[in-house]
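Chemist: Numbers given in the numbering used here equal positions in the sequence shown, counted from 1, plus 1. Positions of the beta carbon are idealized from the N, C-alpha and C atoms, including for glycine.
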Amino acid sequence: MDSKQGAGMPHSRILAIGFLLACSGVATTAQGNSEVTGGLDTRFTDNARKASSGETSDMETRAYIRAGYRTDPGRCNADFTGTLGYSLWHDNSFDDEAFGEMDFTGDCELANRFYWDVSNNLREVNQDATQSNTPDNRTRKNVFSTGPRYLLRVNDTNWLNLSARYENVEFSEPEESDSERYIGSVAWNHIVSQTLTAGVSTSYSRTEYDTDAEVDVKSARLTFSNVWATTRLSGAIGVSEIETRFGSTTQSSDGLIGELDLTRTITPSLDWYLRGARELTDRTSSFDIRFGEFEFNLRDSISVETTTLSTGINQRYSDRSSLTVDVYASQADYLESPEREDKSGLNARYSRPLTELASGYAGIGYDYTKFQSDQADDRTLRLEAGTEYQATRDLNLVAKVGHERKVSDVPTREYDENWVLVGVEYRFR
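Printed below as a string of structure tokens:
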């Protein structure tokens, strides 16, 4: 378990991101926007290991720092949000360990229309989708990407986008396979009208695993983007071929791929979205980061046919309350094994001010997962409610309660959990 104690990101990447942040600060005329918040919370649970029998209670105390930074537009740009903390279990249900989450994107225009891009995403992900979401089933996944990009203006209505990228994926648990990815793409965009853009793109990627397995993906897409007064629509449709090599074994597959992103302002207080994607990829790709409702099973084969579709609303009311509802469905078909996972679910959250200084919320979540390998269905229900009190301009007090229940065709996967959390947050700047 010692491998979990690190921050999950090598020093070379920290230096690269720090260098770009420094360049962004020098290149911009204004300081940019930043915020730093510190927090301390304690969570009591009556079933820490989410066990079907022999439940044990425990308390987890977390201390963390959350930061956000965005530069003003300029020659160099950077956008960062991240959390770094340490978790301590009082009755030793799990090892005490560091935890973290980060999203960073940045670019610098080194010459006229020639850019260098850097991004880093750090997440905690489950290793085995059939098991419960506990620290023993999590690993940190870090996706670092960097490379040049050049925009070539052919004429007033036609542009070429040439890009090359190196991507490195590392997991904090040593039993998970890390990978290096090399990606090249060419995209032609044609401005059809003031609101409509269409084009063609091709890409090729090679992924090399530290187990000596290799994955090649070739793709070609037709792309489009249109903007109306209250609606934005973009998408792509195309074909892709994936080839996996390991030792003397080679396997290939092809199929249709595509993306869809639709947002619409129905009324000044109501927004609706529809989002979907289908890709042929491998399980170290960033697909699960880009589509948070999707989850790779790291215990299954390398190449995966992924499909996800989600829709939802965001309703704001005149009393400053709000309602968000998200519905999703996804499928992961692991191409070198008989495993296929189908998942669907719903998340809803209602929040409203209780007094001038206090606010409250209530949320519900439901997930249904079907595993083809053992013909088992899992159903998970989550209930949560909480309140936040602004003691001073920078100090907030937080209290939450929740219940989680999982029912499965496999009895050992079932559990019931009740939990309570209290905490404090202080904004430093």
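1. Hey, quick one: how far does the alpha helix (DSSP H) through Asp-289 stretch, first residue to last?
2. Can you tell me whether Asp-435 is buried or exposed? The criterion is at least 16 other CB atoms within 10 Å of its CB, across all chains shown.
3. Can you list, in chain order, the stretches of the beta strand (DSSP E) that have 3 or more residues and sit fully within the stretch 273-352?
4. May I ask you to report which of helix, strand or coil DSSP gives Asp-375?
5. Following the continuous beta strand (DSSP E) through Phe-429, name the residue where it begins and the one where it ends.
6. Quick one: what's Lys-142 bridged to in DSSP?
7. Enumerated in chain order, which unbroken segments of the beta strand (DSSP E) with a length of 3 residues or greater are wholly contained in the stretch 203-280?
8. Roughly how many whole angstroms lie between the Cα atoms of Ile-267 and Gln-195?
9. Is DSSP giving Thr-29 helix, strand or coil here?
10. I think Thr-208 touches Arg-182, with their Cβ atoms under 8 Å apart; what is that distance to the nearest whole Å?
11. For Tyr-362 and Ala-400, what's the separation of their Cα atoms in angstroms?
12. Tell me the rounded alpha-carbon separation between Arg-50 and Thr-43.
13. Between the stretch 86-96 and the stretch 140-156, are three or more C-beta pairs nearer than 8 Å?
14. Is Thr-196 helix, strand or coil when you go by DSSP?
15. With 16 as the cutoff for other CB atoms within 10 Å, does Ser-331 come out buried or exposed?
16. In the structure shown, what three-state DSSP assignment does Pro-149 receive?
17. Which ranges would you report for the beta strand (DSSP E) in the stretch 62-111 if only whole runs of at least 3 residues count?
18. First and last residue of the beta strand (DSSP E) that includes Asn-34?
19. Look up Asp-59 in the DSSP assignment and say whether it is helix, strand or coil.
20. Counting C-beta neighbours from all protein chains within 10 Å, is the total for Asn-156 16 or more, i.e. buried, or is it exposed?
21. Once DSSP output is grouped into helix, strand and coil, what is the label at Arg-414?
22. Between the C-alpha atoms of Ser-206 and Glu-215, what's the straight-line distance to the nearest angstrom?
23. Taking the DSSP output, what are the residues bridged to Arg-50?
24. Hey, how far is the Cα of Pro-175 from the Cα of Gly-248?
25. Under 8 Å by Cβ, that's how I've got Ser-304 and Ile-243 pegged, so tell me the actual separation to the nearest angstrom.
26. Looking only at its chain, what residues have a beta carbon closer than 6 Å to the beta carbon of Phe-45, apart from the 5 residues adjacent to it on each side?
27. If you count every other CB in all the chains shown that lies within 10 Å of the CB of Val-170, and 16 or more means buried, which is it?
28. With DSSP run on the structure shown, which of helix, strand or coil describes Gly-403?
29. What whole-angstrom Cβ distance do Val-187 and Thr-203 have, given they're in contact under 8 Å?
30. If you count every other CB in all the chains shown that lies within 10 Å of the CB of Pro-136, and 16 or more means buried, which is it?
31. If you drop the 5 nearest sequence neighbours on each side, which residues of the same chain put their C-beta closer than 7 Å to that of Asp-283?
32. Could you tell me which residues DSSP puts in a beta bridge with Asn-190?
33. Considering only C-alpha positions, which residue in the set Leu-223, Arg-414, Met-103 is nearest to Thr-82?
34. Who are Pro-354's beta bridge partners in DSSP?
35. Can you tell me whether Tyr-416 is buried or exposed, with buried defined as 16 or more other CB within 10 angstroms of its CB?
36. Count the CB pairs spanning the stretch 262-278 and the stretch 305-320 that are closer than 8 Å, and state whether there are at least three.
Modeler: Reading off the structure:
1. Walking along the sequence shown from the start, residue 289 turns up at place 288. Run containing Asp-289: 288-291, per the alpha helix (DSSP H) assignment.
2. Because the chain in this structure spans residues 2 to 430, residue 435 falls outside the shown range and cannot be described.
3. 304-317, 323-335
4. Along the sequence shown, read from residue 1 onward, the residue named residue 375 stands at position 374. Note: Asp-375 maps to coil in three-state DSSP.
5. The sequence position of residue 429 within the sequence shown is 428, counting from 1. Membership of Phe-429 in any beta strand (DSSP E) is not indicated, and neither H nor E is assigned to it by DSSP.
6. Position 141 of the sequence shown holds residue 142. For Lys-142, which the question treats as bridged, DSSP gives the partners Arg-124, Phe-172.
7. Whole beta strand (DSSP E) segments, 3+ residues: 215-228, 232-247, 250-268.
8. Position 266 of the sequence shown, counted from the start, is the residue given in the question as residue 267. Position 194 of the sequence shown, counted from the start, is the residue given in the question as residue 195. Roughly 22 Å between the two C-alpha positions.
9. Sequence index remark: in the sequence shown, residue 29 carries index 28 (1-based). Below a pLDDT of 50, predicted positions are generally treated as unreliable, and Thr-29, at 41, falls in that range; no measurement from the model is reported.
10. Within the sequence shown, numbered from 1, the residue matching residue 208 stands at position 207. Within the sequence shown, numbered from 1, the residue matching residue 182 stands at position 181. Their Cβ separation, rounded to whole angstroms, is 5 Å, which keeps Thr-208 and Arg-182 in contact under 8 Å.
11. Locating residue 362 in the sequence shown gives position 361, where the first residue counts as 1. Locating residue 400 in the sequence shown gives position 399, where the first residue counts as 1. Taking the straight line joining both Cα atoms gives about 11 Å.
12. To locate residue 50, count along the sequence shown from 1; it is residue 49. To locate residue 43, count along the sequence shown from 1; it is residue 42. Computed Cα separation, rounded: 17 Å.
13. no
14. For the purposes of this step, residue 196 is taken as the residue at position 195 of the sequence shown. In the structure shown, Thr-196 sits in coil (DSSP, three-state: anything other than H, G, I, E or B).
15. As a position in the sequence shown, residue 331 is number 330, starting the count at 1. So Ser-331 ends up on the buried side.
16. Taking the sequence shown and counting its residues from 1, one reaches residue 149 at position 148. Of the three classes helix, strand and coil, the one that applies to Pro-149 here is strand, per DSSP.
17. With a minimum length of 3 residues, the continuous beta strand (DSSP E) runs that stay inside the stretch 62-111 are 77-90.
18. Indexing the sequence shown from 1 puts residue 34 at position 33. Segment 34-46, the beta strand (DSSP E) holding Asn-34.
19. Translated into the one-based positions of the sequence shown, residue 59 becomes position 58. When DSSP states are grouped into helix, strand and coil, Asp-59 belongs to the strand group.
20. Numbered from its first residue, the sequence shown carries residue 156 at position 155. Asn-156 is exposed by the Cβ-count criterion.
21. In the sequence shown, counting from the first residue as 1, residue 414 sits at position 413. Looking at Arg-414 - three-state DSSP - the assignment turns out to be helix.
22. What you label residue 206 is simply residue 205 of the sequence shown in a count that begins at 1. What you label residue 215 is simply residue 214 of the sequence shown in a count that begins at 1. One C-alpha to the other measures close to 10 Å.
23. Counting from 1 along the sequence shown, the entry for residue 50 is found at position 49. BP columns for Arg-50 are empty, so no partner.
24. By 1-based counting over the sequence shown, the position of residue 175 is 174. By 1-based counting over the sequence shown, the position of residue 248 is 247. Taken atom to atom, the span from the alpha-carbon of Pro-175 to that of Gly-248 is near 21 Å.
25. Taking the first residue of the sequence shown as 1, we reach residue 304 at position 303. Taking the first residue of the sequence shown as 1, we reach residue 243 at position 242. Right, their Cβ atoms sit about 5 Å apart.
26. Locating residue 45 in the sequence shown gives position 44, where the first residue counts as 1. Closer than 6 Å at Cβ, skipping near neighbours: Met-60, Val-421.
27. Residue mapping note: residue 170 aligns to position 169 of the sequence shown, counting from 1. Val-170 comes out buried.
28. By 1-based counting over the sequence shown, the position of residue 403 is 402. Gly-403: strand per DSSP, three-state reduction.
29. On the sequence shown, position 186 is the one that residue 187 refers to. On the sequence shown, position 202 is the one that residue 203 refers to. Right, the Cβ-Cβ distance comes to about 6 Å (below 8 Å), so this counts as a contact.
30. As a first step, residue 136 must be located in the sequence shown, where it is residue number 135. Result: buried.
31. Numbered from its first residue, the sequence shown carries residue 283 at position 282. Cβ within range, chain order: Thr-208, Val-216, Ile-303, Ser-304, Val-305.
32. Along the sequence shown, read from residue 1 onward, the residue named residue 190 stands at position 189. The partner list for Asn-190 (beta bridge, DSSP) reads Trp-160, Gly-200.
33. Locating residue 82 in the sequence shown gives position 81, counting from the first residue. Out of Leu-223, Arg-414, Met-103, Met-103 has the C-alpha closest to the C-alpha of Thr-82.
34. Working through the sequence shown from its first residue, we reach residue 354 at position 353. Answer by DSSP bridge pairing, in chain order: Ser-360.
35. As a first step, residue 416 must be located in the sequence shown, where it is residue number 415. When all chains shown are included, Tyr-416 counts as buried.
36. Under the Cβ criterion (8 Å, minimum of three pairs), the stretch 262-278 counts as touching the stretch 305-320.
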